Amino acid sequence: MDQYSPTSLYSIAEEVTPQDHQILCHGGTTSTLERLPSRLRQSKPPTKNLKKRIEDLAYEVSYLKAEVSWHTESKQALLQFQEKMYQLFHQMEDALVQVNARMQDAEQRYLALWGLTANANSAESVI
Numbered sequence: 001m002d003q004y005s006p007t008s009l010y011s012i013a014e015e016v017t018p019q020d021h022q023i024l025c026h027g028g029t030t031s032t033l034e035r036l037p038s039r040l041r042q043s044k045p046p047t048k049n050l051k052k053r054i055e056d057l058a059y060e061v062s063y064l065k066a067e068v069s070w071h072t073e074s075k076q077a078l079l080q081f082q083e084k085m086y087q088l089f090h091q092m093e094d095a096l097v098q099v100n101a102r103m104q105d106a107e108q109r110y111l112a113l114w115g116l117t118a119n120a121n122s123a124e125s126v127i
């Protein structure tokens with residue numbers, strides 16, 4: 001049987017967002033910042049004191065929950081924005097169709113005023 005030799009996984013380069021930078025500037029941290037190679041090298045080995053370890057993990061869980069909450073709220077806001085943009089796009093599309101129809105009606109009435117008929121294939125058409 002062949003012996004398995006474990007190999008280390010390559011590190012995932014994540015981009016630090018402007019929000020991560022702002023949080024860092026105000027003394028906070030995010031999971032993205034914590035996963036940076038420089039941070040991982042600085043991390044200290046887990047403490048032998050179980051109570052301290054539990055406190056550290058509780059702190060980590062609290063800021064991860066806050067980060068997840070922020071991401072959830074941001075996603076919801078962006079989805080609402082996207083929906084609003086779709087609505088506005090369709091309103092503009094409908095308005096353009098209405099304007100085009102009204103322009104054609106106005107052209108036909110104008111030509112009728114002069115006793116002319118609009119030819120659909122005519123290059124002289126205003127629209």
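Under full-length UniProt numbering, the letters of the sequence shown match residues 1 to 127, in that order. Idealized CB from N, CA, C, for every residue including glycine. None of these values were measured; they are calculated from a predicted model.
Query                                                                                                                     : Result
Going by other Cβ atoms of all chains shown within 10 Å of its Cβ, with 16 needed for buried, is Asp20 buried or exposed? : buried
I want to know whether the stretch 26-35 touches the stretch 46-59 - three or more CB-CB distances under 8 Å.             : no
For His21 and chain B, any beta-carbon pair shorter than 7 Å?                                                             : The question asks about chain B, but that chain is absent: this structure has only one protein chain.
Can you tell me whether Asn49 is helix, strand or coil according to DSSP?                                                 : coil
Distance, Cα to Cα, Leu57 vs Glu67?                                                                                       : 15 Å
Looking at Thr17: is its Cβ nearer than 7 Å to the Cβ of Ile23?                                                           : no
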